[in-house]
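Worksheet for the structure shown next.
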Amino acid sequence: MPFYNYNNTLPTSTYPLPATSVVSQPAGAPANLSPVPAPTLPTRLNSIPGTNAGLIGQTTLPSQTAQGPSSTTNTASPATPGTPPAETASVPPKTTVPDATAEISSIERAMQDSVTNADKTVPQPFSFTQLTQFGYNYFRPETQGFAALSDIPVGPDYILGSGDRIALTLWGSIEGTYELEVNRSGEITLPRVGTVKVSGVKFGQLPALLNGQLAKVFKDFQFTLTMGKLRLIKVYVVGEVQAPGDYSVSSLSTLINALAAAGGPTKNGSLRSIAIRRDSRVIETVDLYEFFLKGDKSRDIRLQPGDIVFVPNIGPVAGIAGNVRRPAVYELKGEKTLKELLALAGGIIPTGYLQRLQISRVDAHDKKVVTDVHLDPKSSEKTLDEQTGAIPIQDMDLVKIFPIDSTLRGYARLEGYVLRPGDYALQPGMRVDQLLSKDNLLPEYYADAGQVIRLYPPDYHPEVLYFNINSALANDPANNLELHEFDTIRIFSRWEMEEMPRVRINGEIQRPGEYRLFRNMRVRDLLMFAGNPRQTAYLSTAEITRINRTTSSVTSCPINISLEEALKGNPSDNILLQPYDELTVRKIPNWAEENERYITLKGEFVFPGTYPIFKGERLSSVIRRAGGFTPKAYLHGAKFTRASVRELQQKRMDEFLSNAELEVNTKMTELATIASSQEELASAKATLEGVRRNLQLLKAAKAEGRMVIHLPALDQFAGSPYDIEVMGGDTLEVPQSTSSVAVLGRVVNPTSFIHIDEKDVAYYLNLAGGTTLDSDGDGIYVIRADGSIFSRQQYSSLASIFGGGFLNEQIAAGDAIVVPQRFERTAWLRNIKEITTIMSQIAVTAGTVLLGLR
Numbered sequence: 001m002p003f004y005n006y007n008n009t010l011p012t013s014t015y016p017l018p019a020t021s022v023v024s025q026p027a028g029a030p031a032n033l034s035p036v037p038a039p040t041l042p043t044r045l046n047s048i049p050g051t052n053a054g055l056i057g058q059t060t061l062p063s064q065t066a067q068g069p070s071s072t073t074n075t076a077s078p079a080t081p082g083t084p085p086a087e088t089a090s091v092p093p094k095t096t097v098p099d100a101t102a103e104i105s106s107i108e109r110a111m112q113d114s115v116t117n118a119d120k121t122v123p124q125p126f127s128f129t130q131l132t133q134f135g136y137n138y139f140r141p142e143t144q145g146f147a148a149l150s151d152i153p154v155g156p157d158y159i160l161g162s163g164d165r166i167a168l169t170l171w172g173s174i175e176g177t178y179e180l181e182v183n184r185s186g187e188i189t190l191p192r193v194g195t196v197k198v199s200g201v202k203f204g205q206l207p208a209l210l211n212g213q214l215a216k217v218f219k220d221f222q223f224t225l226t227m228g229k230l231r232l233i234k235v236y237v238v239g240e241v242q243a244p245g246d247y248s249v250s251s252l253s254t255l256i257n258a259l260a261a262a263g264g265p266t267k268n269g270s271l272r273s274i275a276i277r278r279d280s281r282v283i284e285t286v287d288l289y290e291f292f293l294k295g296d297k298s299r300d301i302r303l304q305p306g307d308i309v310f311v312p313n314i315g316p317v318a319g320i321a322g323n324v325r326r327p328a329v330y331e332l333k334g335e336k337t338l339k340e341l342l343a344l345a346g347g348i349i350p351t352g353y354l355q356r357l358q359i360s361r362v363d364a365h366d367k368k369v370v371t372d373v374h375l376d377p378k379s380s381e382k383t384l385d386e387q388t389g390a391i392p393i394q395d396m397d398l399v400k401i402f403p404i405d406s407t408l409r410g411y412a413r414l415e416g417y418v419l420r421p422g423d424y425a426l427q428p429g430m431r432v433d434q435l436l437s438k439d440n441l442l443p444e445y446y447a448d449a450g451q452v453i454r455l456y457p458p459d460y461h462p463e464v465l466y467f468n469i470n471s472a473l474a475n476d477p478a479n480n481l482e483l484h485e486f487d488t489i490r491i492f493s494r495w496e497m498e499e500m501p502r503v504r505i506n507g508e509i510q511r512p513g514e515y516r517l518f519r520n521m522r523v524r525d526l527l528m529f530a531g532n533p534r535q536t537a538y539l540s541t542a543e544i545t546r547i548n549r550t551t552s553s554v555t556s557c558p559i560n561i562s563l564e565e566a567l568k569g570n571p572s573d574n575i576l577l578q579p580y581d582e583l584t585v586r587k588i589p590n591w592a593e594e595n596e597r598y599i600t601l602k603g604e605f606v607f608p609g610t611y612p613i614f615k616g617e618r619l620s621s622v623i624r625r626a627g628g629f630t631p632k633a634y635l636h637g638a639k640f641t642r643a644s645v646r647e648l649q650q651k652r653m654d655e656f657l658s659n660a661e662l663e664v665n666t667k668m669t670e671l672a673t674i675a676s677s678q679e680e681l682a683s684a685k686a687t688l689e690g691v692r693r694n695l696q697l698l699k700a701a702k703a704e705g706r707m708v709i710h711l712p713a714l715d716q717f718a719g720s721p722y723d724i725e726v727m728g729g730d731t732l733e734v735p736q737s738t739s740s741v742a743v744l745g746r747v748v749n750p751t752s753f754i755h756i757d758e759k760d761v762a763y764y765l766n767l768a769g770g771t772t773l774d775s776d777g778d779g780i781y782v783i784r785a786d787g788s789i790f791s792r793q794q795y796s797s798l799a800s801i802f803g804g805g806f807l808n809e810q811i812a813a814g815d816a817i818v819v820p821q822r823f824e825r826t827a828w829l830r831n832i833k834e835i836t837t838i839m840s841q842i843a844v845t846a847g848t849v850l851l852g853l854r
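Pasting the structure below:
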């Protein structure tokens, strides 16, 4: 709020006190005038809401809000005059008023029925929106735009009364900051001065009044005045309002503030004849339309205690829908013509169709009738205001302003392969060359045929006319067609209508593929587009395959050129290309790919790593280049893999697993009908489930590409059958010496054991506790450390009788003995037995061991 700074000394500069200054009470001040302590925050005066300057400490006063109907304000009287009362004493609670403006009133429903009925009887390509009554949404609870405020600045004409608070700051011969409240007698108490009557005094007159009183006691002093918390007054809001009753509002409140406190008028209440009654007479009648539509608030006077705001029933109404600036239902107050109703709605917008306005009217409480009104905006006899001023409007009329025809007229459209497509104004006699210019055509447009799509009345069906673009631009009468309204000129790209000529390049080139053939394009141009030949390219010769096409046949012929000469620009080799030519760039003979020229040696080599290989080089040569084996090398466990073998193994694995999975799924579906007993059914089902699990395990495994190789000492290895010619991508891994033997599968204690020289299969089976009852003794096999396998089935029964059989085979370090599970001898599962046997073999190929089916 604004404040007054009064200086009762000779003219000197006046500065505000620092916020941290100690404000002391002058000697001799009355005991009932308590100074306000200085604030603890270094800030200017903001203690009273709305204050933008001042000198008192920061004392936050709550803002006042309207009190609900029939509520009372518990205002605590100060203990002594001049003592600040409790801050919560005069703050009225806020009343929540339901939002009735969101409901559809009977008036709005009647207007809606008129719109709906009209739409049903006369189908239209448009519809009118639901009309609402104008002005009532200003009082929606969520807006709070008209709520009474207690922290707005007061003007010099503000009349003080009981309950107002005034902040007084003195300095000079007397110092102190005081909050003074006007008591019920209309008085305030000044320090060492006593009571001063201020009720009825204007705020602008107060500084002079207080200065005169203080000057009787003090000299050389200055002071400032600021309005503090304003008093509340009780007013009554009755009639057609959302929540009628008595309200405690700010002393600055006007009629609109009081209406907002009561939730605003209902839709059955008038907005145009709201009365303010004071002392049993109407002192003002307010038309809110003047405020809502014109911003005129001159009649919205400030209320006094005991004032009554009365909202009568709504008067006559008329609705206006469609193409006006504010479609709504308006209350009529003296408006009797269409001109006046249009003025309320803001006038007709340019898209409103004036040749047909429609008025829906209630005729003598009997029926609804429709009247069409025709306005002539081009009339020289009467203006539109004169025409609409002669059309009467009555209660519950609904005026509809239809839109003009939305069809765009007077244009021709340009679209397709042009720089600036769109609609263009059609001039009389306009031709193609006036709409389409060379500058508007994109490169490589199709000149042979442009289209004009024309609509022919009366049904406006389309027909297509063709023209040559270049001829039209040369003003050839046969092609430079005259344009009609709604014509569409469509231009095509050349490559929309023709096949783009292309050439292909493949082989030893950076970016092989298909490329567009440009005019006068030669071999060197194509090589440049494709990124030039690779280092592996054979430049001495290359081949161009050329297509010779006739109307009835196609033949091809090779053309040999030198790429080296073509790159130099020699015309005999750098020849002109033709559509569909294919240039093949060969590789230098015997040039291996990067990944094919290396072998990897891992493990116990003196110099392990990746080595380039030479054509015809053998494994022993590469081992020598790697420095030979280390003393820790376990040659019996050497592992050699080859990429080509890996691919072949993987292919066979995939084929077998696919067929096996199909066979297992088929057997699963046959279980219920083939099994002879529940026991056989359960056993077979468990077996098949185990097979299925192992199939899934093998599907996730990948072939290693391992080749069994016997690797003796290097001097013995060279020239042996296993000293094979190496290939790119080969890998040889030699592990460290091991001293363990693994026993896996159906044994009592499957684990690994210390290797002992000259011990056989039977020895290690006994160490593992022997085989279990469900083991398959005939299916036992040994996986050697070098990847080879031998099984019991390889030994005849005679060998077992006379000695030297499978169980007497010596086991080397790193070997693994595998005892599989015995398979039930069910005849119809015989092929499943074969599947499991092959699965075990594949598992070894993939470096996996399948130990059981259940």
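Just so you know, we're using the numbering used here here: the sequence shown kicks off at 1 and counts up by one.
Beta carbons: idealized from backbone N, C-alpha and C, even for Gly.
Predicted model only: the values in this text are computed from it and were never measured.
For residue i, collect the residues of the same chain with a Cβ closer than 7 Å to its Cβ; drop the 5 residues on either side in sequence, then sort them by chain order.
{"i": "L526", "result": "V503, I505, Y515, L577, L583"}
{"i": "D776", "result": "P820, Q821, R822, F823"}
{"i": "P11", "result": "The predicted position of P11 is uncertain, since its pLDDT is 33 and thus under 50; a value taken from the coordinates is nonetheless stated next. Here the set comprises nothing."}
{"i": "E381", "result": "none"}
{"i": "R231", "result": "G161, S162, G163, D164, S251"}
{"i": "L435", "result": "A412, L414, Y424, L483, I489"}
Using 10 angstroms around the beta-carbon of residue i, count the other beta-carbons present and answer buried if the total reaches 16, otherwise exposed.
{"i": "L332", "result": "buried"}
{"i": "Y460", "result": "exposed"}
{"i": "K197", "result": "exposed"}
{"i": "W495", "result": "exposed"}
{"i": "F614", "result": "exposed"}
{"i": "P458", "result": "exposed"}
{"i": "N574", "result": "buried"}
{"i": "G814", "result": "buried"}
{"i": "M227", "result": "buried"}
{"i": "M111", "result": "buried"}
Between residue i and residue j, how many whole angstroms is the CB-CB distance? I'm expecting something under 8 Å.
{"i": "L767", "j": "F753", "result": "5 Å"}
{"i": "V238", "j": "T266", "result": "Not really, about 12 Å apart at Cβ, beyond 8 Å."}
Which residue marks the beginning of the alpha helix (DSSP H) containing residue i, and which one marks its end?
{"i": "W495", "result": "494-497"}
{"i": "K294", "result": "288-294"}
{"i": "T536", "result": "Looking at the DSSP string, T536 is not in any alpha helix (DSSP H), and its letter there is neither H nor E."}
{"i": "Q716", "result": "714-717"}
{"i": "V761", "result": "761-767"}
{"i": "S620", "result": "619-625"}
{"i": "I256", "result": "255-261"}
{"i": "V432", "result": "432-435"}
{"i": "L473", "result": "469-473"}
{"i": "G389", "result": "384-389"}
{"i": "L744", "result": "L744 -> not in any alpha helix (DSSP H); beta strand (DSSP E) instead, spanning 740-745."}
{"i": "Q213", "result": "206-215"}
{"i": "K339", "result": "338-344"}
Could you check where the beta strand (DSSP E) with residue i kicks off and where it finishes?
{"i": "N548", "result": "542-549"}
{"i": "L526", "result": "Counting along the chain, L526 falls outside any beta strand (DSSP E), though it belongs to the alpha helix (DSSP H) covering 523-529."}
{"i": "Q355", "result": "352-363"}
{"i": "E564", "result": "No beta strand (DSSP E) holds E564; the alpha helix (DSSP H) holding it covers 563-568."}
{"i": "K368", "result": "367-373"}
{"i": "G855", "result": "Since the first residue shown for the chain is 1 and the last is 854, residue 855 is missing from the structure and cannot be characterised."}
{"i": "G322", "result": "317-322"}
{"i": "A328", "result": "328-331"}
{"i": "D612", "result": "For the record, residue 612 in the displayed sequence is Pro; it is not Asp. That run of the beta strand (DSSP E) goes 609-612."}
Excluding the 5 residues preceding and the 5 following residue i in the sequence, name in chain order all residues of the same chain whose CB lies nearer than 8 Å to its CB.
{"i": "S620", "result": "L714, F717, A718, G719, D723"}
{"i": "L481", "result": "R431, V432, V452, L465, F467, A472"}
{"i": "S379", "result": "Q387"}
Could you name the residues of the same chain whose beta carbon sits closer than 6 Å to that of residue i, not counting the 5 residues immediately before and after it, in chain order?
{"i": "K602", "result": "P608, E733"}
{"i": "E661", "result": "L695"}
**Item:** the stretch 363-382 touching the stretch 413-421, judged by at least three CB pairs closer than 8 Å
**Value:** Flag = no, the stretch 363-382 and the stretch 413-421 do not touch.
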